[in-house]
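Residue numbers (mature numbering (1 follows the signal peptide of the UniProt record, and there is no 0)): -25 to -1, 1 to 519.
Cβ atoms here follow ideal geometry from the backbone N, Cα and C, with glycine treated the same way.
Just so it is clear, the structure is predicted and the values come from calculations on it, not from any experiment.
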């Protein structure tokens, strides 16, 4: 709200208005804000002269008027009442016994009689919020900043609000830097500022909303957004739960984020974080005392699952995309956050034939160890990344032979972006774990078959439309040691590798929260398919 102050000049002295109530009533109009205190003087009756003054830090009295240097502003409402704002870091407000204190006096002349009124106005000093680090503040681009307090503002006040202060930017010296900031304003508004980096993975700011508050139900809702921050400001009368306890009134609102749900053939997944914030404003008779509580609900990390199998194939998780080191048994479950890449490797064990080529046919996810369980989400279809996903599986080349990888063709590497299953209707995470399964083949290259899968646009479309077909051929393999063989009745030889990843619940206090989830991967290798350089022979000895 703006008031016309043009008629007041630089100070208020000997003004003539009309007294409608006891002048003592103007002290009751005190409002305590985060950076200023505000009080008002009601309309005065005709033929009354008054002088309004305040005491500075040295004890001297000065007429009150518009003075930017001293942090005072005087204006008039449409009803004629006088409104005065005084900054806590100005000339007339001091700190005393945990309060911001301003000594104000009013002299009035009624029918030749002079009355003198003096009062100490007090606002409680709010507990300072955590100040962002200089590195955090400097990392926020100018175009991504949201104003925390209007200029002019002192460094102490700005940082007391838990905001960044940059004096070199006169238009916006005070801006949000913490991942979460909440304020309760003097005019009964709630303000919540959220960084997209509040959670990992980062939030989509467009998905954040205040429960029960929108432009239709609350026309006073104000939303400001940059690429990095979003801020909601709305009256406490909009959507907030109100509780009264004696002289204390508590307002509570909830801020949540929505998920991007991907659906395929009745199965749904998400890679988005879950966010839920509960913000409370507690009002007392002496001012405003904001209380902030942050809660983030995430999926609990499940325990690892291990099942050995007869086929000498292994699946490992690398610590980085260079596959220089791998997680050991004691590292499981491997903790990952939604959307984090997981670098997977499948390799053939105890085989020395450089001609063998490991081929991954189908890879998919289920919520249980049963590879046929529903729902399912495809990862690889016919050896190529499933095109219906918004985070495609990345195939990673193995590279040239080395001491660590003597036979590159015995390895397959790929990375997935971590996700969790959700209910397609409620969009809530499904209980239990997420398992990954792969069908694999061992192939010997020939003139007719190079054993290499080429993923182009046409093949990806075919892979999506055509169901998986597993090889059923019987192959005899002779080696230097015992080897199990496949026959028509035994179509599936399974090996399950133990891998697990996920995210722990991340709890924030005073402006931080985070979340995560856990996925445990098991790999089922189905079928051992040997093709030959020569089409006619039905058997071939492979020495290992």
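- Residue burial annotation: residue 234 is buried, with at least 16 other C-beta atoms found within 10 angstroms of its C-beta.
- Residue 94: member of the beta strand (DSSP E) spanning 88 to 99, first to last residue.
- The DSSP-derived three-state label of residue 117 is helix.
- Inclusion of residue 156 and residue 250 in the CB contact set at 8 Å is not warranted, their separation being larger than that value.
- Residue range 155 to 159 is occupied by the beta strand (DSSP E) that includes residue 158.
- The beta carbon of residue 183 sits closer than 7 Å to the beta carbons of 169, 205, 230 and 232 from its chain, once the five residues preceding and following it are set aside; these are given in chain order.
- CA-CA distance, residue 119 to residue 375, rounds to 45 Å.
- Under the three-state reduction of DSSP, residue 112 is assigned to helix.
- For residue 354, the closest C-alpha among the options 348, 343 and 339 is that of 339.
- Excluding its 5 nearest sequence neighbours in each direction, residue 31 has C-beta neighbours in its own chain below 7 Å: 37, 66 and 67, listed in chain order.
- Of all alpha-carbon atoms in 349, 341 and 239, the one lying nearest the alpha-carbon of residue 365 is that of 239.
- When secondary structure is reduced to three states using DSSP, residue 130 falls in the helix class.
- Here residue 313 is not near residue 199, since their CB atoms are 8 Å or more apart.
- Separation of residue 350 and residue 243 (C-alpha to C-alpha, rounded to the nearest whole angstrom) is 8 Å.
- Counting only residues of its own chain and dropping the five nearest sequence neighbours on each side, residue 47 has a CB closer than 8 Å to the CB of 29, 39, 40, 41, 59, 60, 61, 62, 65, 66 and 67.
- When DSSP reads this structure, residue 6 sits in a beta bridge with 13.
- One alpha carbon belongs to residue 225, the other to residue 93, and they sit about 33 Å apart.
- Residue pairing from DSSP places residue 337 in a beta bridge opposite 414.
- In terms of CA proximity to residue 163, 212 leads the group 172, 55, 128 and 212.
- Boundaries of the beta strand (DSSP E) around residue 75: 74 to 85.
- For the options 144, 291, 420 and 97, the alpha carbon positioned closest to that of residue 332 is the one of 420.
- A direct Cα-Cα distance of roughly 5 Å separates residue 148 from residue 142.
- If you check the CB distance, residue 237 and residue 245 come in under 8 Å.
- Assignment of beta-bridge partners to residue 209 by DSSP yields 165.
- For a cut-off of 8 Å, the C-beta gap from residue 207 to residue 186 is around 11 Å, too long to register as a contact.
- Counted as a single uninterrupted DSSP element, the beta strand (DSSP E) harbouring residue 369 occupies residues 369 to 371.
- In this chain, the beta strand (DSSP E) harbouring residue 216 covers 216 to 220.
- Judged by their CB atoms, residue 337 and residue 392 are not nearer to each other than the 8 Å cut-off.
- Classified as exposed, residue 91 has fewer than 16 neighbouring CB atoms from the shown chains inside 10 Å of its CB.
- Residue 182 carries a helical assignment under DSSP once its states are collapsed to helix, strand and coil.
- Counting along the chain, the unbroken beta strand (DSSP E) around residue 238 starts and ends at 237 to 239.
- Residue pairing by DSSP places residue 322 opposite 289 and 386 in a beta bridge.
- Here residue 335 really is in contact with residue 358; their C-beta atoms are around 6 Å apart, less than 8 Å.
- Residue 57 is bridged by DSSP to 16 and 51.
- A distance below 8 Å between beta-carbons, with the five flanking residues on each side excluded, links residue 380 to the following residues of its chain, in chain order: 373, 374 and 386.
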